[in-house]
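Data first, discussion second: the structure below is written as structure tokens.
Residue numbers (this note's numbering), protein chains in the order written: chain A, 1 to 112; chain B, 113 to 226.
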């Protein structure tokens, strides 16, 4: 049982480049989330999708877009990467009825 | 946005010692959660607390939901080397579509010396 799978695990971009981070879950969860983790700041919510077909902004959405492709998949896109987006990105999923989130193993992104 | 202050930022202890860390907020939360993150992995849920005053255990871990609903603590008894990692508190304000919209503390880095 894979749980939450994120790809890629590592990525280096140049300023201005674009890329999409992929996330898939096999737990039949309705809700999916993208968080970023920066040193000394914990995790901060970028975007979330409460159910298939809906997406909403979190605490730090600027510079990002998301797509809930189907119930399993939720992607995060950086259209024009900036050094401030250097971070570790985590995808998570959960049931609609509680707050227990299951996290992927993360994508470490460096923007030069 | 919401702020959670977690302390201490780091701890260096000997195997067998007990550990205590806490989290405080300026806002009231309906749910408090404690996560552990191993190097190179995502956070894993340890304990979830749902009621003010609730005390919950998970093996050697014990956590409490503060009476004021603005704080929580986590205790680890008789630490072992595999307890090494980063521990995060997280608060959640309410239900509806916001179940997974968690506010995280800055984390406590735990190092256990054999």
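Where is the CB? At the ideal position from N, CA and C, for every residue including glycine.
**Asked** Buried or exposed: where does residue 111 of chain A fall if 16 or more other Cβ atoms within 10 Å of its Cβ makes it buried?
**Response** With 16 or more Cβ atoms within 10 Å of its Cβ, residue 111 of chain A is classed as buried.
**Request:** Please classify residue 159 of chain B: is it buried, with 16 or more other beta-carbons within 10 angstroms of its beta-carbon, or exposed?
**Result:** Burial state of residue 159 of chain B is buried, judged by a 10 Å Cβ sphere holding 16 or more other Cβ atoms.
**Prompt:** Looking at the unbroken beta strand (DSSP E) that takes in residue 25 of chain A, where does it start and where does it end?
**Reply:** Per DSSP, residue 25 of chain A is one residue of the beta strand (DSSP E) stretching across 19-25.
**Item:** Backbone secondary structure at residue 121 of chain B - three-state DSSP
**Value:** Under the three-state reduction of DSSP, residue 121 of chain B is assigned to coil, being neither helix nor strand.
**Asked** Between residue 215 of chain B and residue 116 of chain B, which are expected to be in contact by the criterion C-beta below 8 Å, what is the C-beta distance as a whole number of angstroms?
**Response** At roughly 6 Å, the Cβ-Cβ gap stays under 8 Å, so residue 215 of chain B and residue 116 of chain B are in contact.
**Asked** How would you label residue 219 of chain B, buried or exposed, when you count the other beta carbons within 10 angstroms and need 16 or more for buried?
**Response** Around the beta-carbon of residue 219 of chain B, 16 or more other beta-carbon atoms lie within 10 Å, marking it buried.
**Asked** Since residue 159 of chain B sits in a beta bridge, which residues does DSSP pair it with?
**Response** Under the DSSP definition of a beta bridge, residue 159 of chain B partners with B/146.
**Message:** Let's test the definition: count the other Cβ atoms within 10 Å of the Cβ of residue 156 of chain B and tell me whether it reaches 16, buried, or not, exposed.
**Reply:** Taking every protein chain shown into account, the CB of residue 156 of chain B has fewer than 16 other CB atoms within 10 angstroms, so this residue is exposed.
**Message:** Please state the DSSP three-state secondary structure of residue 97 of chain A.
**Reply:** Reduced to three states, the DSSP call for residue 97 of chain A is coil.
**Item:** Whole-Å CB distance - residue 212 of chain B paired with residue 201 of chain B, under 8 Å assumed
**Value:** Going by Cβ atoms, the distance from residue 212 of chain B to residue 201 of chain B rounds to 16 Å, so no, they are not a contact pair.
**Asked** Using a beta-carbon distance below 8 Å, is residue 155 of chain B in contact with chain A?
**Response** Taking 8 Å as the threshold, the shortest C-beta distance from residue 155 of chain B to chain A falls below it.
**Request:** Kindly indicate the opening and closing residues of the beta strand (DSSP E) around residue 12 of chain A.
**Result:** For residue 12 of chain A, the enclosing beta strand (DSSP E) has its first and last residue at 10-13.
**Request:** Report yes or no: do three or more beta-carbon pairs, one from the region 129-139 of chain B and one from the region 55-74 of chain A, lie closer than 8 Å?
**Result:** The region 129-139 of chain B vs the region 55-74 of chain A: no contact.
**Request:** Would you please state the rounded distance, in angstroms, between the beta carbons of residue 153 of chain B and residue 105 of chain A? I believe it to be under 8 Å.
**Result:** Between residue 153 of chain B and residue 105 of chain A a beta carbon distance of about 5 Å is seen, short of the 8 Å cut, so the two are scored as contacting.
**Message:** Quick check on residue 103 of chain A - is its C-beta less than 8 Å from some C-beta in chain B?
**Reply:** By this cut-off, residue 103 of chain A is an interface position.
**Message:** Is the separation between the beta-carbon of residue 31 of chain A and that of residue 81 of chain A shorter than 8 Å?
**Reply:** No, Cβ-Cβ distance for residue 31 of chain A and residue 81 of chain A is not below 8 Å.
**Request:** Measure how close the beta-carbons of residue 148 of chain B and residue 199 of chain B come, nearest whole angstrom, since I'm counting them as under 8 Å.
**Result:** The beta-carbon separation of residue 148 of chain B and residue 199 of chain B, rounded to 6 Å, stays under the 8 Å limit for a contact.
**Message:** Closer than 9 Å between beta carbons: that is the criterion. Which residues of the region 174-198 of chain B meet it against chain A?
**Reply:** So the list is empty, because no residue satisfies the distance condition.
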